[in-house]
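**Student:** The structure that follows is given in the form of structure tokens.
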Amino acid sequence: MYKEPKYRTILESTKEELNKLRNISLNDKYKPLFHIHPQHGLLNDPNGLAYYNGKYHVFYQWYPYDATHGMKHWAYVSSDDFVNWNREDVALIPIESYESHGAYSGNAIEVDGKLHMYYTGNIKYSAEDRYAYQNLAIMNKDGKITKYENNPIVSEIPKGYTGHVRDPKVFKIKDKYFMLLGAQTSDKKGVIIVYESKNSIDWNFKGELNVKNIDEDFGYMWECPDYINIDEKDILIFSPQGVEPKGFDYQNIYNVVYAIGNMDLDNLTFEIDTMKELEKGFDFYAPQTFIKDSQIILFAWAGMGEVLYPTDKNKWAHCLTVPRKLNIKNNKLLQMPVDELIKLRYDETSGQNTIKNNINIIENDENVYELNINIKNIDSNKFGLELFSSQDEGVKLEFNKLGNIVTLDRSNFKKSFRC
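To convert, note that position 350 of the sequence shown is 358 in the numbering used here; the numbers rise steadily by one, no gaps.
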């Protein structure tokens with residue numbers, strides 16, 4: 009079995025080592041105040057999102073020891089209100105042979121009163137040679153999490169695919185369960201493959217999803233597939249790697265897209281009506297959704313692989329986005345922060361100004377604030393804001409009416425930051 013120092017579980021640490029890591033990052037000025045983030049180590053994909061037994065459950069990929077990718081665990085936080093979060097014990101620690109190099113991403117779904125948490129067990133035979141098992145852990149009403157005794161629940165990779173098969177998305181339609189997996193074909197093409205089950209535990213390979221009306225060459229790997237239905241419209245979300253930039257599109261290292269169309273799982277087709285990037289922000293990847301009271305809610309990783317961050321030197325990196333509620337309007341997927349975040353507001357100030365070919369300064373001494381601006385009756389073709397403004401630097405947010413373009417200009421800002 010392949011060995012590297014970074015493939016070490018948290019059980020192999022000492023209390024002194026973990027305390028040292030916490031102290032190194034404790035007072036970092038970049039630590040978020042209301043985004044979910046790790047105390048130390050690296051956070052990436054959100055996992056197992058669910059509203060279950062009266063609580064919100066958020067898990068995330070976590071490497072405990074440094075701001076790099078290594079042995080992935082499922083860290084765990086919970087909340088009653090989306091505002092106040094409790095750090096729970098680490099949910100999944102990869103100690104079994106079917107997860108020897110990490111408990112990778114997956115989702116959760118309630119089955120018979122228990123929360124079924126599906127995830128990929130990562131296996132590495134060398135730096136380049138890998139395998140993947142799909143596994144199950146179960147949370148009961150008392151909050152106890154137990155790995156299924158007969159893991160893996162999917163042990164074979166179908167012929168024609170590499171070891172890059174991961175990130176199960178399980179959902180139920182009528183009397184059947186379906187599992188979508190991000191995959192890579194032997195000729196290095198990104199795809200989604202489908203399994204089905206009658207009981208959520210015993211799975212049969214159904215085939216490859218034929219996504220119609222998409223470029224033939226659309227990346228070498230599709231990660232973190234997600235499926236939702238809003239207003240009778242099917243929506244497929246995934247994170248393709250290796251997509252070539254086109255104009256303003258696909259400019260990130262890795263991208264996220266959503267496709268609105270028609271899913272036919274009996275015939276393994278998804279016919280795209282419209283497809284767009286879910287985000288054009290610089291740090292957004294691997295989103296996952298869940299449902300609470302018919303409202304679909306999304307979290308994503310507010311970070312990006314292969315990028316250096318100013319927090320790295322203090323041995324921690326990344327956070328999750330704030331939770332967003334999803335809706336469709338004019339055949340576009342709209343995202344807004346969940347209403348519960350209004351509870352975070354305090355000391356509100358407001359004002360009204362008329363700007364005529366000049367600059368209006370809004371005084372603000374707070375490092376954390378929410379800025380709501382309603383701009384009316386604009387004659388100019390260009391208008392905007394400068395944030396973090398000083399004599400030396402600033403970030404410009406510009407709106408161009410003629411081109412319908414929004415530009416965020418960071419060229420005169422000294423530090424990188426998440427958007």
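Positions of the beta carbon are idealized from the N, C-alpha and C atoms, including for glycine.
According to DSSP, simplified to helix, strand and coil, what is D320?
**Tutor:** Correct three-state label for D320: helix.
**Student:** Tell me the start and end of each unbroken beta strand (DSSP E) in the stretch 363-425 that is at least 3 residues and wholly inside, in chain order.
**Tutor:** Listed in chain order, the complete beta strand (DSSP E) runs (minimum 3 residues) inside the stretch 363-425 are 390-395, 403-408, 413-417.
**Student:** My output table needs one value for K180: the three-state DSSP class, helix, strand or coil.
**Tutor:** K180: strand per DSSP, three-state reduction.
**Student:** Going by other Cβ atoms of all chains shown within 10 Å of its Cβ, with 16 needed for buried, is D242 buried or exposed?
**Tutor:** Per the 10 Å Cβ criterion, buried.
**Student:** On the criterion of 16 or more Cβ atoms from any shown chain inside 10 Å, does S113 qualify as buried, or is it exposed?
**Tutor:** With 16 or more Cβ atoms within 10 Å of its Cβ, S113 is classed as buried.
**Student:** Could you tell me whether the stretch 147-154 touches the stretch 187-197, using the rule of 3 or more Cβ pairs below 8 Å?
**Tutor:** As far as the Cβ criterion goes, the stretch 147-154 does not touch the stretch 187-197, which means the pair count is below three.
**Student:** Can you find the residues in the same chain that come closer than 7 Å, C-beta to C-beta, to F42, ignoring five residues on each side of it along the sequence?
**Tutor:** Once the five neighbours on either side are set aside, the close Cβ partners of F42 are L352.
**Student:** Less than 8 Å separating the beta-carbons of Y141 and Y106?
**Tutor:** Contact: yes.
**Student:** At what residue ranges does the stretch 73-109 contain a whole run of the beta strand (DSSP E), taking only runs of 3 or more?
**Tutor:** Here the runs fully enclosed are 81-87, 93-95.
**Student:** According to DSSP, is S194 helix, strand or coil?
**Tutor:** S194: coil per DSSP, three-state reduction.
**Student:** Between L328 and Y266, is the Cβ-Cβ spacing less than 8 Å?
**Tutor:** No, these two residues do not count as a Cβ contact at 8 Å.
**Student:** For E356 and I304, I'd like the C-alpha separation in whole angstroms.
**Tutor:** Looking at the two C-alpha atoms, the distance is approximately 29 Å.
**Student:** Using the beta-carbon count (16 or more within 10 Å), is R95 buried or exposed?
**Tutor:** By the neighbour-count rule (16 or more Cβ atoms within 10 Å), R95 is not buried but exposed.
**Student:** What does the alpha-carbon distance come out to for the pair I161 and S205?
**Tutor:** Their backbone Cα atoms lie some 11 Å apart in a straight line.
**Student:** For D234, is the classification buried or exposed, using 16 other Cβ atoms within 10 angstroms of its Cβ as the cut-off for buried?
**Tutor:** Its Cβ being crowded by 16 or more others within 10 Å, D234 is buried.
**Student:** Quick one: what's got a C-beta closer than 6 Å to M229's C-beta in the same chain, skipping five residues either side?
**Tutor:** So the list reads H172, Q192, G198, Q249, once near-sequence residues are dropped.
**Student:** Per the DSSP calculation, W230 is bridged to which residue(s)?
**Tutor:** Its beta-bridge partners are P248.
**Student:** According to DSSP, simplified to helix, strand and coil, what is I18?
**Tutor:** It is helical.
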